[in-house]
Every structure is written in structure tokens, then in C-alpha cells.
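Presented below is the structure to which this report refers.
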Amino acid sequence: MAYKENQKDNMGGLPLETEKEKEELYLYSLRKMAEVNVESNRIPITQMYNLRAFLYKVGELVREYPEKKFAMIVLDIANFKTVNEFCGRAAGDSLLIAIAKGLRQYEKEDTVLSHFRADVFGLFLSFTEEQELVDITISMSKIIAQVSLACKVLPAFGIYVATDPTMPPSLMIDYATLALNTIKGKFYANYAFFDSQMRLKMLMEKQIENDIVTALETGQFTVYIQPKVNMKSGEIVGGEALIRWQHPERGIIPPMDFIPCLERNGFIINVDLYVWNEVFQLQGRRLREGKKTVPISVNISRLHAYQKGFRDSLCQLSKQYEVPPKYVLLELTESGFLEGSEVMFERMQEIRLDKFSISMDDFGTGYSTMTMLRNQPVDQIKLDRGFIEDMQNSRSRIIARHTINMLKELGVHLLAEGVETKEQQDFLLECGCTEAQGFFYYKPMPSEEFETLLDKK
Ligand code: C2E
Ligand code: CA
Ligand code: CA
């Protein structure tokens, strides 16, 4: 029967094929077509496969050698932008060409190489011992170091050992990249293997991403407030709004477990807006009711600097709830001032024109804040708890004392963070710092509790 049907199809009078043969032929021609495409999918400067061709080739290789052990290595130059800027584009190009040449020495029938984009390369290869993979990173680092450039180049390698041949190649790249990101730009390590902890972290991040929209919609976020006090009088001089996520299955998730993820996917904007709204609403109600009110600060993720609606949102909230800007202080971490600093400065100066005050959070954890203080005045500085952590150490005390003196001379309003002991309090008072926030006084508390506290005082 099959034979008969085949006969009907056989119009060219060529020898007849069975169904199976026909299918094979069809697949073969498909593959050939794909290969022709693959061959033209190359990055001009290095003539290496681009990502698309690489993914196809990796898939083929895994199917062709199901018994072999494979690894995915992703190579990235941590400071490639600096190389281009300081040494010129030609030098950058010569570096890329040297990397491509170096990688080509690993070209075999069970290896695929790729130039993904800019300064990112991929190497998918079969191996026996993990040491072979480490040796590749060492040898490639040497080759890179030999390229004569005016600045030191920092290569980083992320390695994923493929355990499941059915895993999509793009996911293997994700895993290798995740490993790479743990060491990128660090001087002490230039390669990292993907491990199960990273997998857990990635799964958790995925979970957070999935849960966040529901969390916002179903009110799983609440705002806690931590009082700020005058250490001499014990009076409450302000508060800081801190987000808490009450997850239906996982309980309370601390902000440091989900904020970095929200900063990566941009949802921090929505979460911050939620917090600001709660704070303005609370302040508006207290002002209307004629109750005691102190400024409450909110945290501003650095992502807002790039957000058009940033200034409008705050001004609109101030109008809507009839809360003068002095009642909502804006806290921005020191590192936020450094990264993309020009945009950030601009935004902050704009918002100051609207009478909002800026507080520089975590002061002392960044590094080039001194020049910044000279050029860009902020209204308040929160001294990071690192300054007072180690009061036994006389050198720490000297640093803290001089920093406080300098800031006081500059005339900025100062507040110490993370005060946990009486010893720390006494030291700060002795240095002339009178305001603090810390567990020694109060932990962050539900906003209703904070209000009760204000009413009592
Ligand atoms: P932060 O802005 O530096 O907030 C102070 C953190 O220090 C809070 O941690 C607070 O609970 C903790 N803390 C206060 N006193 C002490 C003390 O005496 N000892 C110690 N060890 N810790 C103390 P929390 O609430 O876990 O928040 C962590 C960070 O998450 C915050 O650091 C802030 O950067 C970020 N964050 C919190 N809420 C928000 C938010 O609504 N938006 C944004 N963008 N970031 C937020
Ligand atoms: Ca803060
Ligand atoms: Ca802080």
C-alpha cells in the first residue's frame, strides 16, 4: 500500500523510496538548509558563529554525541567598556580578535565556538575532567594578558557542566552566565562553576518574579516604620518606612531577599510607589486630625532616576494627600549617587526645587563621596552602621570621630544608623552626633504601632 502511494508521488522517475527514506531525505535537506544559514550567521569582526548559529550547533552536537560529557563556558571581559574608552576602539577590536584566535585552538568536531555579542564569547565542548575546563580559563587568561594594552583586562569565565542533555542550550548559557556574574569584575577569581546554590537562587528569583504581581494586587506588602530618635532626650524625631512582604506560604520575606531581584526586573518602581503612597496617606491623615507628626523617610531605588514620572509622582502624592514635602524625606543610598551619577544628581536637584529633602543613606559604604559632598549638597546623611560596629577598635573610633566632625563642619544634618548598644550611643554623643536609628531604641514596627507610639509620646 505504502509502495503504491509512493509510486504516485514519484514524478521524476527516480528510484522509489520508502516512507522512512523519504522522511530521512526531508530531514536531511532541512538540516542542509539550516547549515547553510548557520554558516552565514557569523559575527563580522571575529568570523565566529553568532548566538543563533551557536544554539543550533550545540543542539546538533548533543544529539550527535549522546554519550559524551559537555560543558558550556561563557567568557566576558568585565571592563571592556574601559578598554574601548581608554585604549581606543582599535585596541578593543584587537583584543576581540586575540580572544577569537585563542578560542580557535579548542576547535574540534565536538566543540562549538561563538562570539555572542560585543565582548561575550561562548565555548561548548566535550571534556573528561573538570580540571581541563579550568586549564582553558587559565590559558585564555594568559592569551588575553599578552595583548598589549594600556589598561589591565579582567576576563571572567562562567562554567556550566551539562548534566541533562535535553536541557535547552540557551538555559545552559543562562546558568554559565549566572556563575560568571558571581565573579565578574573581581580581582581574586576569574572563573566560577555553576552550582546547586546558584540554581536555588535562580529558582527563588523566578518564583519572586512570578509572585510579585499577585503580591502587589492582593496586598501582601505592608509598610513597617522604624523610629528615629534624639539620643539625648529619647524623643522620636522621625521614622523610616521599610517594606515587608508577607508571603502566603513563605512567611515574612526580608527586603534584601527580594529587592535586588525587583531592581533587576524593574518592579521596584511599583513597590516604592506603593510605599510612598502609604506614607503620604498616613501623614495626610495625621495632619488633618491635628496629631503629632514627624518626617518619615522613604527609600528611593536608583532606578527612579531614569524614570520620567519620578518627580511628578511625588509632587502629585504631596498634593493629593495635602502633605507638605518636609514630612516625607527621600533616602537614597550612597552607591546610588555614584552609579549614573549625573542623571541622579539632576533628578535630586530637581526634586529639591520642589522642597523635598534628600538623605544620603549608608554613608561610608561607597567610596568617592567626598568629592560629591563638595559639589552636591544633600540635606541629611545617614552614617552607615559599619562606622560604629567595632567600637573596641581604636582605629575605627578615630575614623568615626573624624568623619562625624567633617560632616558637622560641612553643616549637614547627621543621623547614625544601626545603633545597638549603649556604648555606641555614648560614643556618638561624645562625637556630637545626636540622632540615631537602631535596635537599641526601636525595631521596625507595623505603621499602626508607630502611630500609637507617636500618640503616647
Ligand atoms: P536601609 O535603608 O539601610 O534600612 C535600614 C535597615 O537596617 C533595615 O533593614 C533595618 O531593619 C535595619 N536596622 C535598623 N536598625 C538596625 C540595628 O540596630 N542593627 C541592625 N543590624 N540592623 C538595623 P531592612 O528593613 O531589612 O531593609 C534592608 C534594606 O532594604 C534597606 O536598608 C533598604 O535599602 C531596602 N529597603 C527596605 N524597604 C525598601 C523600600 O520600600 N524601597 C526600597 N527601594 N528599598 C527598601
Ligand atoms: Ca534607608
Ligand atoms: Ca541605611
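In numbering that gives the first Met the number 0, the protein residues as written are 0 to 456. Positions of the beta carbon are idealized from the N, C-alpha and C atoms, including for glycine.
- Under the DSSP definition of a beta bridge, Ala70 partners with Leu124 and Val160.
- Ligand 3 has a heavy atom closer than 6 Å to the beta-carbon of Glu416.
- In the displayed model, Arg394 falls within a helix according to three-state DSSP.
- Per DSSP, Ser317 is one residue of the alpha helix (DSSP H) stretching across Phe309 to Gln319.
- For Ser195, the enclosing alpha helix (DSSP H) begins and ends at Ser195 to Glu216.
- C-alpha of Leu453 to C-alpha of Pro167: approximately 57 Å in a straight line.
- Annotation for Val274 indicates a beta carbon within 6 Å of some heavy atom of ligand 1.
- Tyr326 is bridged by DSSP to nothing; it lacks a bridge partner.
- A Cβ-Cβ distance of about 5 Å is found for the pair Val278 and Ile295, placing them in contact under the 8 Å criterion.
- Per the C-alpha coordinates, the member of Glu349, Trp244 and Thr402 positioned closest to Tyr223 is Trp244.
- Counted as a single uninterrupted DSSP element, the alpha helix (DSSP H) harbouring Ile96 occupies residues Arg88 to Arg103.
- Beta bridge pairing from DSSP links His412 with Gln379.
- At least one heavy atom of ligand 1 falls within 6 Å of the beta-carbon of Phe438.
- By the CB criterion at 7 Å, Met47 and Gly101 fall outside the cutoff.
- An exposed status is given to Leu170, since fewer than 16 other beta-carbon atoms sit within 10 Å of its beta-carbon.
- Counting C-beta atoms within 10 angstroms of its own C-beta, Leu202 has fewer than 16 neighbours from the protein chains shown and is therefore classed as exposed.
- For a cut-off of 8 Å, the C-beta gap from Ile143 to Ala97 is around 7 Å, short enough to register as a contact.
- Pairing Ala155 with Asn209 gives a Cβ-Cβ distance that is not under 7 Å.
- For the 7 Å CB-CB criterion, Val61 and Pro164 form a contact.
- Inclusion of Asp360 in the 6 Å shell around ligand 3 follows from its C-beta lying nearer than that to a non-hydrogen atom of the ligand.
- With respect to Ser358, Lys381 sits close: the two C-beta atoms are nearer than 7 Å.
- In this structure, the straight-line span from the alpha carbon of Asp173 to that of Met71 is close to 10 Å.
- In the structure shown, the three-state DSSP call for Arg373 is helix.
- Under the DSSP assignment, Gln245 falls in the beta strand (DSSP E) whose first and last residues are Ile235 to His246.
- Pairwise C-beta distances place the region 146-160 in contact with the region 181-201, as three or more of them are shorter than 8 Å.
- For Ile142, the enclosing alpha helix (DSSP H) stretches over residues Glu129 to Gln145.
- Counting of Cβ neighbours within 10 angstroms places Tyr55 among the buried residues, the total reaching 16 or more.
- As the crow flies, the alpha-carbon of Leu313 is around 55 Å from that of Arg103.
- For Gly250, the enclosing beta strand (DSSP E) stretches over residues Gly250 to Ile252.
- Lys227 carries a strand assignment under DSSP once its states are collapsed to helix, strand and coil.
- Annotation: Ala52 is outside any beta strand (DSSP E); the continuous alpha helix (DSSP H) that includes it extends over Leu50 to Glu63.
- Boundaries for Glu84: no beta strand (DSSP E) harbours it, and the DSSP string shows neither H nor E there.
- When the alpha-carbon of Leu328 is set against those of Gly218, Ala240, Lys290 and Glu429, the nearest one is in Ala240.
- Selection Pro65, Tyr64, Asn36 and Lys67 evaluated against Arg51 yields Asn36 as nearest (Cα-Cα).
- Three or more beta-carbon pairs separated by less than 8 Å link the region 408-417 to the region 378-397, which places the two stretches in contact.
- With respect to the C-alpha of Asp256, the residue from Ser334, Arg301, Leu199 and Met230 having the closest C-alpha is Leu199.
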